[in-house]
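Presented below is the structure to which this report refers.
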Amino acid sequence: RLQNVGEQGHMALLGHSLAAYISVLDRDRLRKLTTRILSDTTLWLCRLFRYENGSAYYHEDDREGLLKICRLVIHTRYEDYTLEGFNVLYTKQPVIYISSAARTGLGQALCNQLGLPLSCMCRVPCNTMFGSQHQMDVALLDRLIKDDVEFGKLPLLLVANAGTPGAGHTDKLGRLKELCEQYKMWLHVEGVNLATLALGYVSSSVLAATKCDSMTLTLGSWLGLPAVPAVTLYRHEDPSLSLAAGLTSSQPVEKLRALPLWLSLQYLGHDGIVERIKHASQLSQRLLENLKNLDFIKTSVEDELSSPVVVFKFFQEYSNRDQTSHAAQASTIQHPIISNERHIYDTFNQWLGEQLAQLVPASGVDVVELEDEGTCVRFSPLMTSAVLGTEIQDIDQLVDCLKMKIPVLTSTLQLREEFEQEVRRTVGLLYIEDLGWPGLGVVRYSYHSDGKDDDKQEKELEKINTELLKKLNELESDLTFSLGPEFGGQKNCVYIGMVTEDLDVSELVETIAATGREIEENSRLLENMTEVVRKGIQEAQLQLQKANEERLLEEGLLRQIPVVGSVLNWFSPFQASPKGRTFNLTAGSLESTESMYVSKAQGTGSTPPPTPTYSLAKQRLPGQKAFKRSLRSSDGFSETSSISHCDDLDKLDQRPPNLSPGQEQGPLEVERAEEQKEVAQAKTDTGDMDSDKLPPDCTKVEDQASER
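Mapping of the sequence shown onto the numbering used here: residues 601 to 1308, in sequence order.
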């Protein structure tokens, strides 16, 4: 599905076709026009994002700008690099420092493109004790640089973040800039928070990015402009080194990359650009204010006043009493809720993020994996709102959906342990621990094999659990039963999804166990019947062969001769009753067919006993679905009273009122009882008994009595 391209998007797309037409102009006009377009666009961007005296490099890949900057720094720090090449790098190895919270694979991509070994890339850990856990540890970076200098290496460049890709946190750019000036390093900044430089109010942490040596801007996602290039702004005084690094080009066609952005910026104007970025910031603030009022939701933002990225997760904190009990259990044994709590919450938050993205696609929320917080839901409107057209009502709808999902998450999390205990106590069921399943749990019906090999046992187990899943899905319930995820799930299991607080776990487990036993008994009955029929056929063949031999002995040898036997049978016919065999499926035995020939009809045999079946659902109220706990106060009282009243009416129909329970009825008593019954029925019809106040079952009993 194509994204919604507005007028500003058509303007950007028009720039590509217009650049192709402009490229066929004569060289002088093309040079003048491209120089004007490039200089105007660079000037507008430097003023818009408060980057004074900067140059611009336009590129399609957002990593290409940083790659060109690295080459520029290498040419600057190694004066003989143009002549000697890698020999200069070998004598003094360069080091590029990158945060551990940076984009995945960024360091490896830089080393591959620059032809440097991976040892030239140094990953700086984030804070662990003080400050944000997503910010670069400045003190540790200082020690790393000192160690590299002592080993004869050359600190070359530092890549900092103004909005990490995961949580949107900003490094301490002011202190990092001082550290880079101390060791003569180049400071490059990238991140989504750089978009807020265009606003009237900018936080001091982001404002420090204007003093860095270079920064990369991705205006396409911020402003919702398709197919516009990313821009890297930088400051450098030597144009020859910029040309050698590839940041500038003498080809006029290369300068036409800025034309789509040049048209789009003029179309939007300064106010339009600021309004789009401001709208995205307002969306994140609206969501953050609503999340503060929700229970079991934990947010992770750097600055609550001006953070354009909101990261939140579902987290249920234990009370003091629960913490004490869980700590006592964890000290004795490794309790599954404690040891696997992080994994379970990651699974639940993964499900929550997918549900929110599916229910409110215009919000643009996604799931992100953070090193410390685990799996979280991220809302970054600067990257999605301009393209998806996110509005305030979409945020309100997102919050409403989140309010609906929180009770389901809390109920499922609380009932998981109860479900596990019930399954482990139930004979015939096996609890499968799958921490990656977002739901109540996973259960398998264990098949009792009688000396069968592994292949047959596996097939029988698969057959029973598949039939069990089918039976459970046929029940009228709000639960979802499935075979689990497509990849990585357990085989021959029943996966139970999210549940609500009114779930009757004991009834659910009892139903699963009883249904599995019923399927297993039916399967065994079919196997036994097949074996009995096979043995019966073999026995019938032996008996018929034996009867045939006895018939030959009775007839004699002469009757077997073709001509003589016919003449002998004509003079002296031999009367022999046909002896067949019939197989009784009910009794599992062979019977003679003589009775059939005598009565000229096939005997029906004895009626087979009914197959014992289990009631899959308890008696429920009208409209109540399976596995739901019903109220047992007023509802239970009215149900009991109605049943007892119906029983009394049944006894009234069966026994006269003047007859004691132990007294027998004679002819006169029977006739008198019938008369009294008709009188009582007449009183009932005239309204002595208020039928409107009776339950429906009792009214049905009275109607049947009147018909009789």
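Ideal placement from N, C-alpha and C gives every residue a C-beta, glycine not left out.
Everything numeric in this text was worked out from a predicted model, so none of it was measured.
Restricting to Cα atoms, I'd like to know which of the options is closest to residue i.
i	options	result
E730	E1058, K772, S639	Position check: residue 730 holds Phe in this sequence, whereas Glu was assumed. Checking every option, the nearest Cα to that of F730 belongs to K772.
R835	L817, L819, Q851, D813	D813
L710	G665, E750, S732, T676	G665
I1119	E1062, D972, L1015, G1136	E1062
C780	Q1014, P765, I696, D871	I696
C670	Q997, I995, L756, S840	L756
I897	L887, Q916, I637, S699	Q916
A702	Q958, C1093, G766	G766
R743	G707, N712, Y783, Q735	Y783
T642	Q866, Q882, S805	Q866
G824	E1060, E875, P694	E875
F1087	E1018, L667, P860, D1034	D1034
A858	M785, E660, S906, T1182	E660
S985	V965, C1001, D1000	V965
V1099	T1111, L1152, Q1014, I1161	Q1014
Just verifying my parser: in three-state terms, what is the DSSP assignment at residue i?
i	result
Q608	helix
E652	coil
Y801	coil
M1328	Look at the range of the chain in this structure, 601 to 1308, and you will see that residue 1328 is not part of it.
N761	strand
S967	First, the amino acid is wrong: residue 967 is Val here, not Ser. Of the three classes helix, strand and coil, the one that applies to V967 here is strand, per DSSP.
T1080	coil
G1309	Since the displayed the chain opens at 601 and closes at 1308, residue 1309 lies outside it and no answer follows.
S617	helix
G1262	Its pLDDT being 43, under 50, G1262 is placed unreliably by the model, and the measurement read from it follows with that caveat. In the structure shown, G1262 sits in coil (DSSP, three-state: anything other than H, G, I, E or B).
L833	strand
G869	helix
L625	coil
P755	strand
Y1031	strand
K1228	strand
G768	coil
M1098	coil
R703	coil
Return the chain-ordered list of same chain residues with a C-beta closer than 6 Å to the C-beta of residue i, the five sequence neighbours on each side being excluded.
i	result
G609	P826
R791	Reading off the sequence shown, one finds Gly at residue 791, where the question assumed Arg. Within the same chain, G791 has close Cβ partners N761, A762, G763.
S842	H836, T848
L833	Y651, G654, A656, M815
T899	L891, F912
L982	V792, A795, W822, A880, P908
R797	First, the residue type needs correcting, since residue 797 is Leu and not Arg in the sequence shown. Closer than 6 Å at the Cβ level, and outside the excluded window around L797, lie F649, R650.
P694	C720, L754, L756
Y678	V688
Q997	V960
To which residues of the same chain is residue i closer than 7 Å at the C-beta, ignoring the five residues directly before and after it?
i	result
G774	A808
L952	F914, V977, K1005, L1009
L613	P826, A827
D994	V960, A962, S963
G1028	Y1045, S1046, A1113, G1116, R1117
P852	L630, R631, T634
S700	R723, V724, P725, C726
Q1141	none
Tell me where the alpha helix (DSSP H) around residue i begins and ends.
i	result
P839	839-845
R942	941-959
F915	Unbroken run through F915: none, as it is neither H nor E.
C711	706-714
I1161	It is not in any alpha helix (DSSP H) - I1161 carries neither H nor E in the DSSP assignment.
M721	Element bounds for M721: not the alpha helix (DSSP H) but the beta strand (DSSP E), 721-724.
K1091	No alpha helix (DSSP H) holds K1091; DSSP gives it neither H nor E.
Can you give me the start and stop residues for the beta strand (DSSP E) that residue i sits inside?
i	result
S699	694-699
T975	974-979
V789	786-790
T1012	Taken as a continuous stretch (DSSP letters only), T1012 belongs to no beta strand (DSSP E), being part of the alpha helix (DSSP H) at 992-1025.
Just to confirm my understanding: we take residue i, look at its own chain, exclude 5 residues before and 5 after, and list those with CB closer than 8 Å. What are they?
i	result
T975	K913, Y945, D946, T947, N949, Q950, G953, V967, V968, E969
W1037	T947, G1084, P1085, G1089, Y1095
T682	H675, A844
F686	G715
L856	A619, I622, S623, T634, I637
H943	L1035, G1036
Since residue i and residue j are thought to touch, with beta carbons under 8 Å apart, how far apart are those beta carbons, to the nearest angstrom?
i	j	result
V831	L817	5 Å
L740	P717	Not a contact, Cβ separation roughly 23 Å.
L861	L819	7 Å
L894	T990	About 20 Å; that fails the 8 Å criterion.
T1012	L1040	6 Å
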